[in-house]
Amino acid sequence: MSFILYLPPVISFLLVAVITTAVAATGLHFVRRKYPAEVLKENHEVAAIIFNAFGLLYGVVVAFVVFITWSGYDDAAKNLQMEASDTLDLFHSTKAFPDSVRKSVQQGLMDYVDLVYRDEVNRMSTEEISIYSANPLRKLLDIFNQMDAQSVPNRELYSESLKRINNLAEHRRLRIFAGNNTVPPTVWLVLLVGGVITVAYTYLFATKNIRAQYLMITALTVTISWILLLIYILDHPLTGASKVSAKPLSEAMELMRNQSAAMQR
508 MSFILYLPPV
518 ISFLLVAVIT
528 TAVAATGLHF
538 VRRKYPAEVL
548 KENHEVAAII
558 FNAFGLLYGV
568 VVAFVVFITW
578 SGYDDAAKNL
588 QMEASDTLDL
598 FHSTKAFPDS
608 VRKSVQQGLM
618 DYVDLVYRDE
628 VNRMSTEEIS
638 IYSANPLRKL
648 LDIFNQMDAQ
658 SVPNRELYSE
668 SLKRINNLAE
678 HRRLRIFAGN
688 NTVPPTVWLV
698 LLVGGVITVA
708 YTYLFATKNI
718 RAQYLMITAL
728 TVTISWILLL
738 IYILDHPLTG
748 ASKVSAKPLS
758 EAMELMRNQS
768 AAMQR
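Now the structure itself:
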């Protein structure tokens, strides 16, 4: 199913809708061929009560999963923006450092953002990145750990820089965690089986106008399949055509390069 993530959203939603509707309509076709509407109408009174109860329970589960995955997607976007913001704040803070240290830190920050933007974000879709992966951030941490605090004229700005570098490391970890799937297979099993049962349960009902029933089951199938696809997309915030934008990183990189060039003039 991962290929769906790389399709344009409109194409992926249409593809899923066509496939699931075709399967649901085929099932209804075979049921109505075997059982006429007069026979199925005997189920309406009891089946309707059970269907309402089941639909309510399934709707609650789906709504909860949508909320969780949407929150995770939103957090992934915010953490990536905060990661870019931390690098810029830290870049500005280095102005109070000695020249040798300042240049090392600034270059390390530019290397870090460049690697994240051009490599890490892309490789996260395959979950090849871990919090222990080699990264220029380790070199930055080593520079700060080896720095003599007494050599920094502005102690308060130095303390703030330490907080910024720690925040940067934290937001990197959160970004990597966001790249991992949050919906466990057990939940997916409940969602998929529940969706199939919900659609199949409608086969117990019948209308005189068979076209109207095909229309109703199509609407139900498309709605459920689109919601499940939405959950799948939100569960992969850093993968595919609908992934979180890495534009904040590119903007941060451009600003740092411009400021670095201005300082060298």
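Using the numbering used here, the first residue of the sequence shown is number 508, and each one after it goes up by one.
For each residue, glycine too, the CB sits at the ideal point set by N, CA and C.
The structure displayed is predicted, hence computed values, not measured ones.
Using the C-alpha atoms, what's the distance from L564 back to M760?
Going by C-alpha positions, M760 is about 48 Å away from L564.
What would DSSP say about S767, mapped onto helix, strand or coil?
In the displayed model, S767 falls within a helix according to three-state DSSP.
Y513 vs G747 beta-carbon contact at 8 Å:
In this structure, G747 lies closer than 8 Å to Y513 by Cβ.
Measuring straight from C-alpha to C-alpha, what distance separates K602 and V620?
A direct Cα-Cα distance of roughly 19 Å separates K602 from V620.
Once you ignore the five residues that flank E590 on each side, which residues in its own chain have a CB closer than 7 Å to its CB?
Scanning its chain for C-beta atoms nearer than 7 Å, with the 5 sequence neighbours on each side dropped, one finds around E590 the residues L675, H678, R679, R682, in chain order.
Limits of the unbroken alpha helix (DSSP H) element including H551:
Annotation for H551: the continuous alpha helix (DSSP H) segment containing it runs 551-600.
Taking Cβ to Cβ, would you say V697 is nearer than 8 Å to L727?
Remark: C-beta atoms of V697 and L727 do not approach each other more closely than 8 Å.
When you compare each of F520, H536, A570, M508 to L711 by their alpha carbons, which one comes out closest?
Put simply, of F520, H536, A570, M508 the residue whose alpha carbon is nearest the alpha carbon of L711 is H536.
Below 8 Å on the Cβ atoms is my contact criterion, and I expect T725 with A532 to pass it. Report the Cβ-Cβ distance as a whole number of Å.
Between T725 and A532 the beta-carbon gap is near 7 Å, inside 8 Å, which marks them as a contact.
Could you give the first and the last residue of the continuous alpha helix (DSSP H) run that contains N652?
For N652, the uninterrupted alpha helix (DSSP H) segment begins and ends at 643-653.
Any idea what DSSP makes of F604, helix, strand or coil?
The three-state secondary structure of F604, taken from DSSP, is coil.
Is it buried or exposed, D606, if we count other Cβ atoms within 10 angstroms and call 16 or more buried?
D606 comes out exposed.
Helix, strand or coil for H743 per DSSP?
Here H743 sits in coil by DSSP.
Looking at G615 and T689, is the spacing between their C-beta atoms short of 8 Å?
Here T689 is not near G615, since their CB atoms are 8 Å or more apart.
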